[in-house]
Amino acid sequence: MIRLISAEMFKMRKRSMSRVLLFILVGLIIVFYLVLLAVSNANLPHTGARIGNIPNLLGLPVALPFALSLMSWFGTILAIMLAASSIGSEYNWRTIRTTVVSSESRFKLLIAKLISVGIFILIGLIIGLISGFIMSLITTAIGGYKFDFSFFSGTYVWDQFLQFWRTFFVIMPFSLMGFMFAIIGRSAMPGIAAGIGIFFGEQIITGFMYLAKGWIAAIPNYLLNANVQVITALAKLPSGFGGGMGGGGSSDIQAPSVTHAFVVLSIYSIAFIVIGFYLFRKRDVTG
Amino acid sequence: MKLIGEIISGMTTQTTLQPQTSIKKDNDVILRTSGLTKKFGTLVAVNNLNLELRRGEVFGFLGPNGAGKSTTVGMILGLVAPTAGSIELFGTKLDGNSWPLMRRVGAIIEEPAFFPYLSGRDNLETLSRSIGNVPKAKIDEVLKRVNLFDRAGDRYDHYSMGMKQRLGIASTLLRDPELIILDEPTSGLDPAGTKEVRDLIPELAHESRAVFLCSHLLHEVELVCNRVAIIKQGTLLTSSTVEELTSQGQMLQIKVADQKQAIDLLKTLPWIKSVKIENEFLIVDAPKDSASRVNQALAEHNIFASELVNKAASLEEVFLQLTGGTSGD
Chain A
0 MIRLISAEMF KMRKRSMSRV LLFILVGLII VFYLVLLAVS NANLPHTGAR IGNIPNLLGL
60 PVALPFALSL MSWFGTILAI MLAASSIGSE YNWRTIRTTV VSSESRFKLL IAKLISVGIF
120 ILIGLIIGLI SGFIMSLITT AIGGYKFDFS FFSGTYVWDQ FLQFWRTFFV IMPFSLMGFM
180 FAIIGRSAMP GIAAGIGIFF GEQIITGFMY LAKGWIAAIP NYLLNANVQV ITALAKLPSG
240 FGGGMGGGGS SDIQAPSVTH AFVVLSIYSI AFIVIGFYLF RKRDVTG
Chain B
0 MKLIGEIISG MTTQTTLQPQ TSIKKDNDVI LRTSGLTKKF GTLVAVNNLN LELRRGEVFG
60 FLGPNGAGKS TTVGMILGLV APTAGSIELF GTKLDGNSWP LMRRVGAIIE EPAFFPYLSG
120 RDNLETLSRS IGNVPKAKID EVLKRVNLFD RAGDRYDHYS MGMKQRLGIA STLLRDPELI
180 ILDEPTSGLD PAGTKEVRDL IPELAHESRA VFLCSHLLHE VELVCNRVAI IKQGTLLTSS
240 TVEELTSQGQ MLQIKVADQK QAIDLLKTLP WIKSVKIENE FLIVDAPKDS ASRVNQALAE
300 HNIFASELVN KAASLEEVFL QLTGGTSGD
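Chains as they are written, first to last, in numbering that gives the first Met the number 0: chain A, 0 to 286; chain B, 0 to 328.
If you want it as structure tokens, here you go:
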């Protein structure tokens with residue numbers, strides 16, 4: 000098993016796509032911070048909560064949760080690409096047969112792929128966090144805000160540690176969905192298309208569902224995005240920046256509890272893994 | 000040619016021919032398929048296939064496109080699930096946990112497929128990590144063996160077709176396999192590359208190895224294989240040594256002064272199937288070892304052969320006769 004993970008890590012480390020995705024992640028964080036800095040320096044009337052909170056958002060205390068919140072959104076998209084291509088590209092390059100024949104079992108091969116994808120996502124989160132913190136330092140300096148590290152305490156570190164794993168947790172269902180669709184479609188593209196398509200499409204559809212009354216409005220609570228929002232909202236961010244994702248909300252529909260969100264997202268993740276593994280083990284590998 | 004057909008039709012009554020050298024022990028059998036069948040819906044891709052491959056053999060597995068060769072290889076390698084029948088590797092039946100057996104098999108399936116963004120060496124490194132327990136020095140060793148050592152650092156997608164094929168062979172050697180499966184190993188190669196790979200194949204089949212070679216390049220197979228099996232539409236047509244196949248399909252090649260008179264005479268003989276003219280020779284389809292009878296018959300009518308030789312059929316002629324000369328597609 001270790002040797003399969005080692006082989007998968009070797010492939011991903013050597014692949015330029017992995018590095019490109021990391022560069023995009025860091026680039027987006029940099030761009031996001033620079034845009035916020037520009038907006039905060041602009042001569043805009045401070046009428047809304049969002050504008051008023053921008054200097055707070057650029058500050059060091061919220062740098063880590065803000066970076067994690069950003070990554071729970073566009074990090075998910077990049078993770079879908081990574082997960083789908085890790086198995087789908089094997090079909091595209093026709094290496095799947097050689098890989099399967101050289102692997103102890105199909106089950107262990109998929110486990111190794113998922114673990115290596117998970118490790119890369121964790122690496123991406125850490126790099127994203129570091130980038131966010133550095134950008135916060137830069138924007139604090141440029142914006143002329145005060146450097147104050149008094150927020151740094153054991154509680155703070157523990158909160159960020161939890162939020163780090165929450166972010167990882169909300170990224171995984173979509174990544175696993177991309178992984179599953181890549182197996183179903185025997186190509187990276189179906190995985191990426193389905194993963195990203197559902198990621199955005201569900202937000203649009205659930206927006207309409209929220210407009211309805213009764214049981215239809217409750218359906219989003221059993222889909223992915225509403226539950227992801229519940230988890231990401233646990234980050235202690237200034238008001239108006241609480242959720243990593245968009246999506247509507249209805250005042251008369253109660254948001255799911257954290258436990259509910261955790262259970263629903265876990266069920267989806269497990270279902271995607273089980274379906275993907277079942278198909279990969281059952282189907283002939285014909286190239 | 001009809002004679003070849005008769006001989007072969009007699010041979011096909013038994014699906015598996017036991018090796019001519021009966022002194023070989025059963026534990027020499029590296030690969031055995033019994034009643035191997037694969038159906039895709041209503042299409043029978045492989046039908047009741049019985050094969051045996053022994054140590055030290057280069058076994059040619061021949062068939063037109065779509066005959067079921069790659070499906071068979073896929074089943075042997077555990078990529079395709081058989082609908083019926085069984086496969087034994089090294090005397091052990093393949094089941095759910097076939098890795099200990101598969102680790103002893105090296106294969107190129109249809110065409111070498113590697114990661115395009117990795118160098119040749121890195122591709123082998125990836126495989127050696129997957130397989131496990133492959134010494135680092137083994138990668139250099141196999142690269143040298145296939146003359147790729149100097150280009151090992153180049154990206155795979157910059158390799159020529161010949162280099163890709165050679166890397167494919169190198170990858171099969173990484174685990175020091177006892178069975179090597181090569182599916183069209185000279186596909187896309189130029190003549191020099193073809194010869195290079197062809198020369199390498201018998202070398203691979205040293206005492207402890209066997210090579211299972213899928214191809215429809217019959218000249219290539221005739222040059223390197225000890226035994227062949229011919230498959231069409233999933234059904235085994237014959238399995239025999241190359242010499243046996245080609246010698247049993249042999250013709251008589253006769254040179255006479257008066258070809259017309261000779262043809263008229265030979266056509267009256269009931270045991271002669273056909274006579275045709277090829278260049279300055281008569282090609283006579285007659286039973287094996289009938290040269291003296293033919294010569295006697297000619298002489299009795301004052302026709303004297305200046306040349307009379309047994310002309311062995313080529314594997315290609317046998318193959319075309321068996322398969323009807325049509326593509327399996």
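All residues carry an ideal CB built from backbone N, CA and C; glycine is no exception. Since the model is a prediction, treat every value here as computed from it, not as a measurement.
Between the C-alpha atoms of residue i and residue j, what's the straight-line distance to the nearest angstrom?
| i | j | result |
| --- | --- | --- |
| Leu78(B) | Ser101(A) | 11 Å |
| Asn224(A) | Val263(A) | 11 Å |
| His218(B) | Leu314(B) | 7 Å |
| Pro184(B) | Ala298(B) | 50 Å |
| Val116(A) | Lys137(B) | 29 Å |
| Ser159(B) | Phe114(B) | 15 Å |
| Arg128(B) | Ala216(A) | 51 Å |
| Met208(A) | Phe198(A) | 16 Å |
| Asp121(B) | Gly152(B) | 8 Å |
| Ile95(A) | Ser207(B) | 28 Å |
| Pro60(A) | Phe151(A) | 8 Å |
| Ala256(B) | Val317(B) | 30 Å |
| Ile22(B) | Val28(B) | Only weak support is given to the placement of Ile22(B): the predicted model assigns it a pLDDT of 42, under 50, and the value that follows is read from those uncertain coordinates. Roughly 12 Å separates the two Cα atoms. |
| Gln159(A) | Phe31(A) | 20 Å |
| Ile110(A) | Leu81(A) | 15 Å |
| Leu147(B) | Asp189(B) | 17 Å |
| Ile170(A) | Arg154(B) | 33 Å |
| Leu251(B) | Ile230(B) | 28 Å |
Where DSSP assigns a beta bridge to residue i, which residues make up the other side?
| i | result |
| --- | --- |
| Ile218(A) | DSSP, once it has assigned bridges, lists no residue as partnering Ile218(A). |
| Asp182(B) | Cys213(B) |
| Ser239(B) | Val227(B) |
| Ser330(B) | Lying before the first or after the last residue shown, residue 330(B) is absent from chain B, which here runs from 0 to 328. |
| Gln252(B) | Ile282(B) and Val308(B) |
| Asn46(B) | Thr234(B) |
For residue i, which residues from the same chain have a beta carbon less than 7 Å from its beta carbon, with the 5 sequence-adjacent residues on both sides left out?
| i | result |
| --- | --- |
| Lys37(B) | Ala44, Val45, Thr70, Met74, Val79, Pro81 and Thr82 |
| Ser33(B) | Asn49, Gly84 and Ser85 |
| Cys224(B) | Val57, Phe58, Gly59, Leu212 and Val241 |
| Ser186(B) | Glu110 |
| Arg14(A) | none |
| Ile195(A) | Ile76 and Ile79 |
| Leu172(B) | Gly105, Val141 and Arg144 |
| Phe106(A) | Phe276 and Arg280 |
| Lys112(A) | Glu7, Ser85 and Ile86 |
| Met162(B) | Leu147 and Arg150 |
Helix, strand or coil for residue i per DSSP?
| i | result |
| --- | --- |
| Thr41(B) | coil |
| Ser305(B) | coil |
| Lys23(B) | Unreliable positioning characterises Lys23(B) in this predicted model, as indicated by a pLDDT of 48, which lies under 50. The coordinate reading is nonetheless provided below. Coil. |
| Ile271(B) | coil |
| Glu51(B) | strand |
| Val173(B) | In the sequence on display, residue 173(B) carries Leu and not Val. Here Leu173(B) sits in coil by DSSP. |
| Lys310(B) | strand |
| Glu277(B) | strand |
| Phe9(A) | helix |
| Arg185(A) | coil |
| Glu87(B) | strand |
| Phe347(B) | Here chain B covers residues 0 to 328 and nothing more, so residue 347(B) does not appear. |
| Met0(A) | coil |
| Ser118(B) | strand |
| Leu278(A) | helix |
| Ile95(A) | helix |
Within a Cβ cutoff of 8 Å, which residues of the same chain sit near residue i, ignoring the five residues on either side of it in sequence?
| i | result |
| --- | --- |
| Thr98(A) | Glu89 and Leu108 |
| His259(A) | Asn220, Asn226 and Val229 |
| Lys254(B) | Glu279, Phe280, Leu281, Ala304, Ser305, Glu306 and Leu307 |
| Ile122(A) | Leu21 |
| Ile126(A) | Leu21, Leu24 and Val25 |
Spatial neighbours of residue i within its chain, please: CB distance less than 6 Å, with the 5 preceding and 5 following residues excluded, ordered by chain position.
| i | result |
| --- | --- |
| Ser186(A) | Gly87, Tyr90 and Asn91 |
| Gly190(A) | Ala83, Gly87, Gly177, Phe180 and Ala181 |
| Ile168(B) | Val145 |
| Met8(A) | Ser115 |
| Ile179(B) | Gly105, Thr171, Leu203 and Val210 |
| Asn301(B) | none |
Does any heavy atom of the ligand ATP sit closer than 8 Å to the C-beta of residue i?
| i | result |
| --- | --- |
| Gly213(A) | The ligand ATP is not among the ligands present in this structure, which contains no ligands whatsoever. |
#### Entry: Three or more C-beta pairs below 8 Å linking the segment 268 to 284 of chain A and the segment 48 to 68 of chain B
no
### the segment 98 to 106 of chain B / the segment 147 to 166 of chain B touching (three or more Cβ pairs under 8 Å)
no
### Any 3 or more C-beta pairs closer than 8 Å across the segment 176 to 185 of chain A and the segment 157 to 166 of chain A
no
### Message
I want to know whether the segment 66 to 80 of chain A touches the segment 16 to 35 of chain A - three or more CB-CB distances under 8 Å.
### Response
yes
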